[in-house]
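S.K.: The opening residue of the sequence shown carries number 9 in the working numbering; numbering runs sequentially from there.
Don't be surprised by glycine CBs; every beta carbon is placed ideally from N, CA and C.
None of the values given here were measured: they were computed from a predicted structure.
Quick one: structure below, then a few questions.
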Amino acid sequence: MKVKLAVQLLSSSTAKALQYLKDNNSQRFGDCQATIEYCKSIDQIFDFLNSTRPFSKGYQSNIFKSNIHFLQDKIIPLINYLSTLKFKNQ
């Protein structure tokens, strides 16, 4: 899979669309909360790893001495989340 396509698929936009479908009582999307959280987490991790703009905010900002603690506080829980993921039927 190309990275660009993966980033588009596992994005906050996908998470928002799934949340909308879930909230509007769509029967087929009633059990998608885990997928929503996964998409949000992958989006945040990608923003963190792909930071190239010095004046961006949040996850998209470059790593400096002034923001390293903020970024550590945000990225460590995401890494822990990824390390605990399991398939639903296993």
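1. First and last residue of the alpha helix (DSSP H) that includes Asn-88?
2. So, using beta-carbon positions, are Ile-76 and Phe-56 closer together than 7 angstroms?
3. Is it true that the CB of Leu-18 sits closer than 7 angstroms to the CB of Ile-50?
4. Measuring CA to CA, which of Lys-96, Val-15, Lys-30 and Phe-95 is closest to Ile-53?
5. Is Leu-18 helix, strand or coil when you go by DSSP?
6. Express the C-alpha separation of Cys-47 and Ser-20 in angstroms, rounding to a whole number.
M.R.: Reading it off the structure:
1. Here residue 88 corresponds to residue number 80 of the sequence shown, with the count starting at 1. For Asn-88, the enclosing alpha helix (DSSP H) begins and ends at 76–91.
2. What you label residue 76 is simply residue 68 of the sequence shown in a count that begins at 1. What you label residue 56 is simply residue 48 of the sequence shown in a count that begins at 1. With contacts defined by Cβ atoms closer than 7 angstroms, Ile-76 and Phe-56 do not form a contacting pair.
3. The residue you call residue 50 lines up with position 42 of the sequence shown. The residue you call residue 18 lines up with position 10 of the sequence shown. Yes.
4. In the sequence shown, residue 53 corresponds to position 45, counting from 1. If we check each option's Cα against that of Ile-53, Val-15 comes out closest.
5. Position 10 of the sequence shown, counting from 1, holds the residue named residue 18. Coil.
6. Walking along the sequence shown from the start, residue 20 turns up at place 12. Walking along the sequence shown from the start, residue 47 turns up at place 39. Going from the Cα of Ser-20 to the Cα of Cys-47 covers about 6 angstroms.
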